[in-house]
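Everything in the sequence shown is counted per the numbering used here, starting at 5 for the first residue and increasing by one.
Beta carbons: idealized from backbone N, C-alpha and C, even for Gly.
Some notes on the structure that comes next.
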Amino acid sequence: MKKIPVAMQEVIDNFERLPGIGPKSAQRLAFYLLSVPETVTDDMGEAIKNLKKKIKICRECFGVGEDELCEICSDSSRDRKIICVVERADEVMAIEAVGNFKGVYHVLGGVINPLEHIGPEDLKIKELIKRIEVGGVEEVILATNPTIEGEGTALYIKKKLEESDFKGKISRIGSGLPMGAELGFADQVTLSRAFEGRREMNV
Ligand SMILES: [Zn+2]
């Protein structure tokens with residue numbers, strides 16, 4: 005069998021590290037890149053190089069931005085009384101694309117998942133409670149995905165909020181999203197409905 009050249013194999017190995025990319029797809033992508041002009045691969049390489057250099061994690065919401073405080077957190081027109089809690093930063097983008105949420109966000113960085121050894125201490129839950137304890141927050145929308153882990157994480161945060169001094173409303177995004185769905189992949193209409201249909205989590 006003919007061996008794949010080293011430089012090619014390196015690209016394939018790197019692609020294989022990406023979520024959802026198996027050996028076959030990695031190989032296909034690498035061969036595709038060989039067929040495009042060098043300027044395209046240069047631009048791609050440069051963009052990837054800049055990703056970690058130029059993108060910062062917001063110190064307030066843990067979303068992504070270009071400064072210490074992201075665009076949303078530094079926007080004085082956003083309603084700080086409502087915090088929408090999501091699993092990942094890309095879900096902030098998905099909700100922003102719908103455009104009707106005017107509050108602020110809190111990115112957990114994942115969900116509680118005992119099988120993957122991810123506990124509450126691995127997520128930005130403590131930081132969320134701290135943010136809320138400063139005061140002024142009237143509603144916390146738990147917008148974790150409607151998966152078993154997402155529901156479990158929402159319940160955990162709800163419990164923590166109840167143990168804290170928080171007196172506001174705790175709501176959960178509505179049933180518009182099918183069980184197992186992911187916010188980041190939902191279409192705008194569904195996402196919009198899920199927000200409008202959010203309901204208070206009863207004790
Ligand atoms: Zn932020």
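Of the residues the options, the one placed nearest residue i, counting alpha carbons only
{"i": "residue 110", "options": "160, 99 and 91", "result": "91"}
{"i": "residue 64", "options": "166, 147 and 130", "result": "130"}
{"i": "residue 67", "options": "171, 19, 132 and 54", "result": "132"}
{"i": "residue 72", "options": "15, 62, 81 and 79", "result": "62"}
{"i": "residue 167", "options": "191, 189, 137 and 33", "result": "137"}
{"i": "residue 148", "options": "112, 134, 103 and 194", "result": "112"}
{"i": "residue 120", "options": "30, 200, 153 and 29", "result": "153"}
{"i": "residue 54", "options": "163, 81 and 70", "result": "70"}
{"i": "residue 80", "options": "16, 5 and 107", "result": "107"}
{"i": "residue 158", "options": "82, 127 and 169", "result": "127"}
{"i": "residue 74", "options": "97, 205 and 117", "result": "97"}
{"i": "residue 217", "options": "203, 151 and 125", "result": "Past the boundaries of the shown model lies residue 217; the chain is included only from 5 to 207, so the question cannot be answered."}
{"i": "residue 85", "options": "37, 170, 198 and 51", "result": "170"}
Cβ separation of residue i and residue j, assumed to be a contact under 8 angstroms, to the nearest whole Å
{"i": "residue 34", "j": "residue 48", "result": "Residue 34 to residue 48, Cβ: 12 angstroms. No contact."}
{"i": "residue 195", "j": "residue 175", "result": "Incorrect: roughly 15 angstroms between the Cβ atoms, too far for contact."}
{"i": "residue 201", "j": "residue 172", "result": "Residue 201 to residue 172, Cβ: 19 angstroms. No contact."}
{"i": "residue 141", "j": "residue 76", "result": "No, residue 141 and residue 76 are not in contact; Cβ-Cβ is about 15 angstroms, not under 8 angstroms."}
{"i": "residue 100", "j": "residue 188", "result": "With 8 angstroms as the limit, residue 100 and residue 188 do not qualify as a contact, their Cβ atoms being about 12 angstroms apart."}
{"i": "residue 2", "j": "residue 115", "result": "In the structure displayed, the chain extends from 5 to 207; residue 2 sits before or after that span and is not available."}
{"i": "residue 102", "j": "residue 192", "result": "5 angstroms"}
{"i": "residue 20", "j": "residue 27", "result": "6 angstroms"}
Per DSSP, cross-strand counterpart(s) of residue i
{"i": "residue 61", "result": "68"}
{"i": "residue 90", "result": "111"}
{"i": "residue 176", "result": "146 and 203"}
{"i": "residue 83", "result": "107"}
May I have a chain-ordered list of the beta strand (DSSP E) segments no shorter than 3 residues that lie completely inside the region 120 to 168? 143 to 146
Chain-ordered list of residues that sit, by beta carbon, closer than 5 angstroms to a heavy atom of ligand 1: 62, 64, 65, 67, 74 and 77
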